[in-house]
Amino acid sequence: LQHQLCGKLPSIAPFGGVMATFNQLLQLRAAVRESGDILRDLQNKNASKRDVVSALVEHRLRMRQLERKEVSPRLDRDKLRNLLNRRFIYDDSIDVNGGEIELSGVGAFGKILHNKLIAEWRNHFIDEEMLEVHSSLTPEPDRRETWINSLIGW
2 LQHQLCGKLP SIAPFGGVMA TFNQLLQLRA AVRESGDILR DLQNKNASKR
52 DVVSALVEHR LRMRQLERKE VSPRLDRDKL RNLLNRRFIY DDSIDVNGGE
102 IELSGVGAFG KILHNKLIAE WRNHFIDEEM LEVHSSLTPE PDRRETWINS
152 LIGW
């Protein structure tokens, strides 16, 4: 699925900006790997310092290009939650009624995304005669509050 989707459309980096497509990232990673191999070979062959330094500079340039195109692994949960709420992927279920309990419900686009994910899962696993498993998603703080604290109270 990742190869099907990421190869055709440009990926959108979270909270703005366009990052490279999956194929472009593969090419950049291959270029970094190639320059690293060249650098390693030059060092093993005891090449001149000038050749090693120029290969090192080229390798660092390629690494910087790759780093600029990849999405940072850090995730700002508040910004992500705000984005998901604004796009109505999911929202707090009680917000509609003005309550205070933080139970999450899936919005219209979230349900579409959920259905497509389940369909892909079925195409891949169920057609291969594997088991179908379906469960609800519970946010970590809610799970800790309800399950762990209730077990501690016993």
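In the working numbering, the protein residues as written are 2 to 155. For glycine and all other residues, C-beta sits at the position ideal for the given N, C-alpha and C. None of the values given here were measured: they were computed from a predicted structure.
- Between the beta-carbon of residue 85 and that of residue 91 there is about 6 Å, and that keeps the pair under the 8 Å contact cut.
- When the five nearest sequence neighbours on each side are left out, the beta carbons in the same chain lying within less than 6 Å of the beta carbon of residue 52 are those of 43, in order along the chain.
- The Cβ neighbour count for residue 109, taken over all protein chains shown within 10 Å, is under 16; the residue is labelled exposed.
- For residue 125, there is no enclosing alpha helix (DSSP H), as DSSP gives it neither H nor E.
- Boundaries of the alpha helix (DSSP H) around residue 39: 23–45.
- Counting other Cβ atoms within 10 Å of its Cβ, residue 56 reaches 16 or more and is therefore classed as buried.
- The region 63–79 makes contact with the region 26–37; the number of CB pairs closer than 8 Å reaches 3 or more.
- By the 16-neighbour rule on beta-carbons within 10 angstroms, residue 36 is buried.
- Residue state for residue 111 is assigned as helix, using DSSP reduced to three classes.
- For residue 88, the closest C-alpha among the options 112, 65, 66 is that of 112.
- For residue 54, the closest alpha carbon among the candidates 115, 81, 41 is that of 41.
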